[in-house]
Amino acid sequence: MEKAGESKEEERTRWRSVGRLSRVKRAPGRDYRGNNAQGLPRRHRAIPSTSNFSGVHCNMQQMGLYEKFPSETPILVEFKKYLVEHLEVPNCQQEVDNVSRMLRYMQPTGDRVNMDFLKKSTETKDYIVSLKRAKLLPATILNYIKNMISFVQFLLTRDVDDQDFHRGCQAYIMLLNTLRKPVSKAHSKVTYYEDKRGQGVIATRAFVKGAVICDYHGELVTAEEGRKILESSTDEMGYLFFFTSGSQQLCINTQTHPCRCHPTMETMGRKMNHSKNNLNVKPQHCKIKFPEGEKDTLLLVAARDIAVDEELRFDYGVNRKSFRGEGLDREWFDE
Numbered sequence: 076m077e078k079a080g081e082s083k084e085e086e087r088t089r090w091r092s093v094g095r096l097s098r099v100k101r102a103p104g105r106d107y108r109g110n111n112a113q114g115l116p117r118r119h120r121a122i123p124s125t126s127n128f129s130g131v132h133c134n135m136q137q138m139g140l141y142e143k144f145p146s147e148t149p150i151l152v153e154f155k156k157y158l159v160e161h162l163e164v165p166n167c168q169q170e171v172d173n174v175s176r177m178l179r180y181m182q183p184t185g186d187r188v189n190m191d192f193l194k195k196s197t198e199t200k201d202y203i204v205s206l207k208r209a210k211l212l213p214a215t216i217l218n219y220i221k222n223m224i225s226f227v228q229f230l231l232t233r234d235v236d237d238q239d240f241h242r243g244c245q246a247y248i249m250l251l252n253t254l255r256k257p258v259s260k261a262h263s264k265v266t267y268y269e270d271k272r273g274q275g276v277i278a279t280r281a282f283v284k285g286a287v288i289c290d291y292h293g294e295l296v297t298a299e300e301g302r303k304i305l306e307s308s309t310d311e312m313g314y315l316f317f318f319t320s321g322s323q324q325l326c327i328n329t330q331t332h333p334c335r336c337h338p339t340m341e342t343m344g345r346k347m348n349h350s351k352n353n354l355n356v357k358p359q360h361c362k363i364k365f366p367e368g369e370k371d372t373l374l375l376v377a378a379r380d381i382a383v384d385e386e387l388r389f390d391y392g393v394n395r396k397s398f399r400g401e402g403l404d405r406e407w408f409d410e
């Protein structure tokens, strides 16, 4: 049934939870944090205010973090072309500038980039630590690290037959991923809690109405495959999200956890609780371009302004009778 003020498309993409409600218990007294899955559109990156940016800009200049290689440096010109043509990132100057600054910090002189930076683990760590001291937001520091990973991956496409160089690139990417983990924790937006409902999700930062919180992350399958998974599953974490994309009936399956694409990351969407009358989050379907092609994605966005320490909830589109009687003892399900 369509809700007041809800479009047909919103109704079709409304959550349908088809698994049991009980969830795996966590050890009491611990603070479980995680990160939203990657791959959201570029426009959703955290952007500092103008006043904060001015202060950060001055800090970076004073600390020697803002110098760059000349814009016509051949390897950077090639990298920009790679971003535009292969990764389909048309407005990529910021990515190139981030890499250029990081390279210049490790190589203060000369107009050509020396590949010796791949061996400079100490200087790489120092740059990331210095960005934090310069008061950059964790989201911005993550962008520096991700941009540098993209640059090294680009280098791997150039010298395909040099095995020693390949090993050096892979080792450097591993270093960057190691440096990224503590920054990702600082950028975490949500945390878990546990009560009679199992686990839930609490906001650790404010969200304005319409802001993307995370995606509902899992394996994309057809609706028919989703129904077969439901029939054969005994997993208590068996939440499936059925939705329509054009003429296609699709389903996102989160039973495979952690997911294959982010094996070291915890995803938040699958842990949010239901609320029919007090929801503050809603699902939003969109298509996102990835290097491997366009993909149907379900974003979880703020339905209203959300304050720090609020629980994040959205309407599953079901009631207590939807679970073959299993939910009849859960009075909170009608809240």
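The sequence shown runs 76 to 410 under the working numbering.
Note that the Cβ used here is the ideal one computed from N, Cα and C, for glycine as well.
Can you list, in chain order, the residues of its chain with a C-beta nearer than 7 Å to that of residue i? Leave out the 5 residues immediately preceding and following it.
{"i": "residue 135", "result": "141 and 209"}
{"i": "residue 205", "result": "138 and 140"}
{"i": "residue 172", "result": "143"}
{"i": "residue 286", "result": "376 and 377"}
{"i": "residue 366", "result": "162"}
Could you pull the DSSP bridge partners for residue i from this structure?
{"i": "residue 282", "result": "381"}
{"i": "residue 374", "result": "290 and 359"}
{"i": "residue 388", "result": "348"}
{"i": "residue 318", "result": "325"}
{"i": "residue 295", "result": "327"}
{"i": "residue 364", "result": "369"}
Where do the ends of the beta strand (DSSP E) carrying residue i lie?
{"i": "residue 351", "result": "Residue 351 -> no beta strand (DSSP E), and no H or E assigned at all."}
Go through its chain and collect everything with a Cβ distance to residue i's Cβ below 8 Å, but skip five positions before and after it.
{"i": "residue 347", "result": "275, 276, 356, 375, 387, 388 and 389"}
{"i": "residue 362", "result": "320, 369, 370, 371 and 372"}
Note the first and the last residue of the continuous alpha helix (DSSP H) segment covering residue i.
{"i": "residue 168", "result": "168-181"}
{"i": "residue 229", "result": "213-231"}
{"i": "residue 200", "result": "196-208"}
{"i": "residue 144", "result": "Counting along the chain, residue 144 falls outside any alpha helix (DSSP H), and DSSP gives it neither H nor E."}
{"i": "residue 163", "result": "Looking at the DSSP string, residue 163 is not in any alpha helix (DSSP H), and its letter there is neither H nor E."}
{"i": "residue 305", "result": "298-307"}
Against chain D, does residue i count as a neighbour if the rule is that its beta carbon must be under 8 Å from one of theirs?
{"i": "residue 192", "result": "Protein chain content of the structure displayed is limited to a single chain, and chain D is not contained in it."}
Just verifying my parser: in three-state terms, what is the DSSP assignment at residue i?
{"i": "residue 185", "result": "coil"}
{"i": "residue 369", "result": "strand"}
{"i": "residue 276", "result": "strand"}
{"i": "residue 236", "result": "coil"}
{"i": "residue 135", "result": "helix"}
{"i": "residue 190", "result": "helix"}
{"i": "residue 253", "result": "helix"}
Starting from the C-beta of residue i, find all residues in its chain whose C-beta is less than 6 Å away, skip the five residues before and the five after it, and write them out in chain order.
{"i": "residue 293", "result": "327, 328 and 329"}
{"i": "residue 380", "result": "283 and 284"}
{"i": "residue 31", "result": "Nothing can be reported for residue 31: it is not among the residues displayed for the chain, which extend from 76 to 410."}
{"i": "residue 183", "result": "none"}
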